[in-house]
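Down below is the structure, laid out as structure tokens.
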Amino acid sequence: MNPSENEPTAIQNLLSVRDLRIAFSGRECVHGISFDLAHGETLGLVGESGSGKSATSLGLLRLLPPSASVGGSIAFAPTGKEPEDLLHLSEEAMRRHRSRSIAMIFQEPMTALNPVMKIGQQIAEALLAHAPRTSRREVRERVLEAMREVALPDPERRIDDYPHQFSGGQRQRIVIAMALINKPRLLIADEPTTALDVTVQAQIIALLKRLRAEHNLSMLFISHDLTVVSQVADRVAVMQHGAIVEQGSATQIFTHPQHAYTRSLLASAPSMTTPRDRPLATV
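Counting in the working numbering, the sequence shown runs from 1 upward without gaps.
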């Protein structure tokens, strides 16, 4: 039987970024980076603060401020058909992609949640932005389903609660539910565990890995924390001063790093065997 025309081909990437350049008021902060992301794959984008990671993620979604200029190409092929260059789409066409085929979760969930709106309404808003004619009953069912999927406790009762009534980890689960309710093909996770304690971090990482497997999601996982990235990424790209200095499989990057900056990042990360009285290496 021939595969459906909507099924992605094995050789075609979901996302292919080529020579991406981002400048603010004429000063370039991302210097011609290129990378690919396959269907169902997680790419870890790592580097220190100020390396250009977040500017890259916002550039992919065209959410940078008017003072920014962006060049290069961002080929996106969510259905496996001819890819579209996101940089050349109209704003209306790009808006259709946001939260529908590409979704994003942020470092601090409270910045993504309206403190005076019930969380059920906020999750529903993400759905109704792309399916405004959905019945109220179906909206409620979809919201409850999304809450269950991210393991929020007692969704039937808590659907009418406000963000401040949830813990930090639960708020991040709400943000993930909002991001995934439209079943996107690509999830951009920008430091999604940084604001959480270590135990909750592990729970959110396990949740993202499960959701990726269940939905065949592709994920761009952005973090400065190499320990976190090692748990979730198939491949890793290392950024320094707005450029990708090294990329490869996670195994290659973490066991046989080639670039001096990558080696410095790895050396500066503490481990369970690091003596407590030994200073950490600096980058």
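Every residue gets a Cβ at the ideal spot worked out from N, C-alpha and C, and that includes glycine.
Bridge partners - residue i, DSSP secondary structure assignment
{"i": "residue 24", "result": "27, 68"}
{"i": "residue 42", "result": "219"}
{"i": "residue 33", "result": "20"}
{"i": "residue 57", "result": "Partner(s): none; residue 57 has no beta bridge."}
{"i": "residue 51", "result": "DSSP lists no partner for residue 51."}
Residue i - containing beta strand (DSSP E), residue span
{"i": "residue 235", "result": "235-240"}
{"i": "residue 245", "result": "243-249"}
{"i": "residue 103", "result": "102-105"}
Extent of the continuous alpha helix (DSSP H) run through residue i
{"i": "residue 128", "result": "119-128"}
{"i": "residue 176", "result": "168-180"}
{"i": "residue 312", "result": "Missing from the structure shown is residue 312; the chain here goes from 1 to 283 and no further."}
{"i": "residue 262", "result": "260-268"}
{"i": "residue 61", "result": "Careful: residue 61 lies outside any alpha helix (DSSP H) and carries neither H nor E."}
{"i": "residue 231", "result": "226-232"}
{"i": "residue 116", "result": "Here residue 116 belongs to no alpha helix (DSSP H), and DSSP marks it neither H nor E."}
{"i": "residue 164", "result": "Neither: residue 164 is in no alpha helix (DSSP H) and is coded neither H nor E."}
{"i": "residue 86", "result": "Looking at the DSSP string, residue 86 is not in any alpha helix (DSSP H), and its letter there is neither H nor E."}
Buried or exposed by the 16-neighbour rule on C-beta atoms within 10 Å, applied to residue i
{"i": "residue 190", "result": "buried"}
{"i": "residue 7", "result": "Confidence is the limiting factor: at residue 7 the pLDDT is only 39, short of 50, which leaves the residue's position unreliable, though a coordinate-based value still follows. Residue 7 should be labelled exposed."}
{"i": "residue 117", "result": "exposed"}
{"i": "residue 26", "result": "exposed"}
{"i": "residue 66", "result": "exposed"}
{"i": "residue 223", "result": "buried"}
{"i": "residue 52", "result": "buried"}
{"i": "residue 199", "result": "exposed"}
{"i": "residue 212", "result": "buried"}
{"i": "residue 242", "result": "buried"}
{"i": "residue 63", "result": "exposed"}
{"i": "residue 210", "result": "exposed"}
{"i": "residue 262", "result": "buried"}
CB contact flag (residue i, residue j, <7 Å)
{"i": "residue 244", "j": "residue 233", "result": "no"}
{"i": "residue 188", "j": "residue 73", "result": "no"}
{"i": "residue 32", "j": "residue 19", "result": "yes"}
{"i": "residue 120", "j": "residue 159", "result": "yes"}
{"i": "residue 46", "j": "residue 59", "result": "no"}
{"i": "residue 176", "j": "residue 139", "result": "no"}
{"i": "residue 14", "j": "residue 43", "result": "no"}
{"i": "residue 146", "j": "residue 123", "result": "yes"}
{"i": "residue 78", "j": "residue 99", "result": "no"}
{"i": "residue 126", "j": "residue 178", "result": "yes"}
{"i": "residue 12", "j": "residue 80", "result": "yes"}
Whole-angstrom C-beta distance between residue j and residue i, which should lie under 8 Å
{"i": "residue 196", "j": "residue 231", "result": "The pair is not a contact, with the Cβ atoms about 14 Å apart (cut-off 8 Å)."}
{"i": "residue 204", "j": "residue 113", "result": "Not a contact, Cβ separation roughly 16 Å."}
{"i": "residue 83", "j": "residue 75", "result": "4 Å"}
Residue i CB to nearest heavy atom of the ligand GDP below 6 Å
{"i": "residue 126", "result": "Among the components modelled here there is no ligand, and therefore nothing to report on the ligand GDP."}
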